[in-house]
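Read left to right, the sequence shown gives residues 1193 to 1361 (this note's numbering).
Glycine included, C-beta positions come from ideal geometry on N, C-alpha and C.
None of these values were measured; they are calculated from a predicted model.
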Amino acid sequence: MAYSLKIIIVFIFILFSFRILGKRLVSQLTNYDLANIFVLSAIAAGPLITSDFALALTGMGVFMGLHLLLKVLGMNHKMREYILGKSKMLIEKGKISEKNLKSAKLTLSELVDELKDLGYTNVADVEFAILENTGKITAVPKKDSKMAKGKEICSIKNAEAPAKMEPQE
C-alpha cells in the first residue's frame, strides 16, 4: 500500500512539474528540454526505489527550481544562445552552406529529404533554410519557386535525389 501511495504522489508531482515547466517541454524538444526530461525521470524514479521519500521529492523540487532559474536566465539573448544553442542557416540566398551542414551533422541527402517533406521538389527553389534549435528545418521559398502539393509530394519522397540538388558553390 505504501508503494502504491508513493507512485500516486510521484505521478501527481510529475504532472505538477510539467504544468510548471510548461507545455513546450513535451512538444518541440530541444536538447536542453530532452535532457530535462531524462533528469526529471531519473529523479522521479528515486522515491520508488529508495526509502528516503522526502529526499527524492526534495530533489525534484530542486530540479524544478534549477529549470525555472535557467528559464529566467534564458530571457537574456546571449544566455539563451549559450543554453539552447543557435539556429543554423543551411541555405542562404539559394546557396547551400557546406560549413553549416557539417557543423549541424547533416548530410546533403538528409537536407534534401527534409526539404522534400516540406514540399520542395528542388533545392534551387529554396531561398533560405534554417535548422532551428528544436531540430526542425524551416524553409523559405524563392519568389518564383513552385512548391509541390498532395500527390506530387508522395512521388517526390519515393524518388532519388536528382543531380541538380548538389551543393552550389
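Q) Skipping 5 residues on each side, what residues in its chain have a beta carbon closer than 6 Å to that of A1355? A) Indexing the sequence shown from 1 puts residue 1355 at position 163. Interpretation of A1355 is limited by its pLDDT of 44, a score under 50 that renders its predicted location unreliable; the figure taken from the coordinates is listed afterwards. Close CB contacts of A1355 within its chain, under the 6 Å cut and outside five residues either way in sequence, are absent.
Q.
Under DSSP, the alpha helix (DSSP H) around L1323 begins and ends at which residues?
A. Locating residue 1323 in the sequence shown gives position 131, where the first residue counts as 1. For L1323, no alpha helix (DSSP H) run applies; the uninterrupted beta strand (DSSP E) run containing it begins and ends at 1318–1323, by DSSP.
(Q) Quick check: the Cα distance between K1285 and M1252, rounded to an integer number of angstroms? (A) Walking along the sequence shown from the start, residue 1285 turns up at place 93. Walking along the sequence shown from the start, residue 1252 turns up at place 60. Spanning the two alpha carbons is a distance of roughly 46 Å.
Q. In the DSSP assignment, what are the bridge partners of V1332?
A. The residue given as residue 1332 occupies position 140 in the sequence shown. DSSP, once it has assigned bridges, lists F1320 as partnering V1332.
Q | Selection from A1237, V1318, G1238, E1324 that minimises the alpha carbon distance to I1283 | A | Reading the sequence shown from its first residue, position 91 is the one you call residue 1283. Taking only the C-alpha atoms, the option nearest I1283 is V1318.
Q. Rounded to a whole number of angstroms, what is the C-alpha to C-alpha distance between T1326 and E1302?
A. Looking up residue 1326 in the sequence shown gives position 134. Looking up residue 1302 in the sequence shown gives position 110. Going by the C-alpha atoms only, they are around 16 Å apart.
Q. To which residues of the same chain is P1239 closer than 6 Å at the C-beta, ignoring the five residues directly before and after it?
A. If you number the sequence shown from 1, residue 1239 lands on position 47. Contacts found: K1198, V1202, F1245, A1248.
Q | Bounding residues of the beta strand (DSSP E) (the contiguous stretch that carries L1367) | A | The question about residue 1367 has no answer here: the residues shown for the chain are numbered 1193 through 1361.
Q | Residues near G1266 by beta carbon distance below 8 Å, same chain, minus five either side | A | Within the sequence shown, numbered from 1, the residue matching residue 1266 stands at position 74. Within the same chain, G1266 has close Cβ partners R1272, I1275, L1276.
(Q) Taking its Cβ as the centre, do 16 or more other Cβ atoms sit within 10 Å of S1209, making it buried, or is it exposed? (A) By one-based count along the sequence shown, residue 1209 stands at place 17. Classification of S1209: buried, given that the 10 Å Cβ count is 16 or more.
Q | I1204 to M1256 span [Cα, whole Å] | A | For the purposes of this step, residue 1204 is taken as the residue at position 12 of the sequence shown. For the purposes of this step, residue 1256 is taken as the residue at position 64 of the sequence shown. Cα to Cα, I1204 sits roughly 14 Å from M1256.
Q: State the Cα-Cα distance for the pair K1335 and V1315, rounded to the nearest angstrom.
A: Numbered from 1 along the sequence shown, position 143 holds the residue referred to as residue 1335. Numbered from 1 along the sequence shown, position 123 holds the residue referred to as residue 1315. Cα-Cα distance, rounded: 14 Å.
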